[in-house]
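What follows is a single structure, written as structure tokens, with notes after it.
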Amino acid sequence: MRKVNPPFAEHVQNLFRQQEESHQKALKEEKKLLKLLRASGLTPSDIQGLTDKAFAAIEAENWRPDEKIDSEIE
């Protein structure tokens, strides 16, 4: 196994730390939103429909053909 350059390793650790912090922040925001949705009087099926549509929209925005992703990696 190759030895990793310490500054590079520190950079990777920082990236993972930032990713985890972003994830935790997103979870907190999601909990707030769900609380607001429940308080609005929407039924659980209405809330599920809204979240399904939101995730579908996000997925459509982020979708890229595999060929493009593969060429970016190389």
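What the sequence shown shows, in the UniProt record's numbering, is residues 1 to 74, in sequence order.
We treat Cβ as the ideally placed atom computed from N, Cα and C, and that holds for glycine.
**OP:** Taking 8 Å as the cut-off, decide whether the C-beta atoms of Ile47 and Leu37 are in contact.
**Re:** Yes, the Cβ-Cβ distance between Ile47 and Leu37 is below 8 Å.
Original post:
Between the C-alpha atoms of His11 and Glu30, what's the straight-line distance to the nearest angstrom?
Top reply: Across the structure, His11 and Glu30 are spaced so that their CA atoms are roughly 29 Å apart.
Original post:
Under the three-state reduction of DSSP, which class applies to Thr43: helix, strand or coil?
Top reply: Of the three classes helix, strand and coil, the one that applies to Thr43 here is coil, per DSSP.
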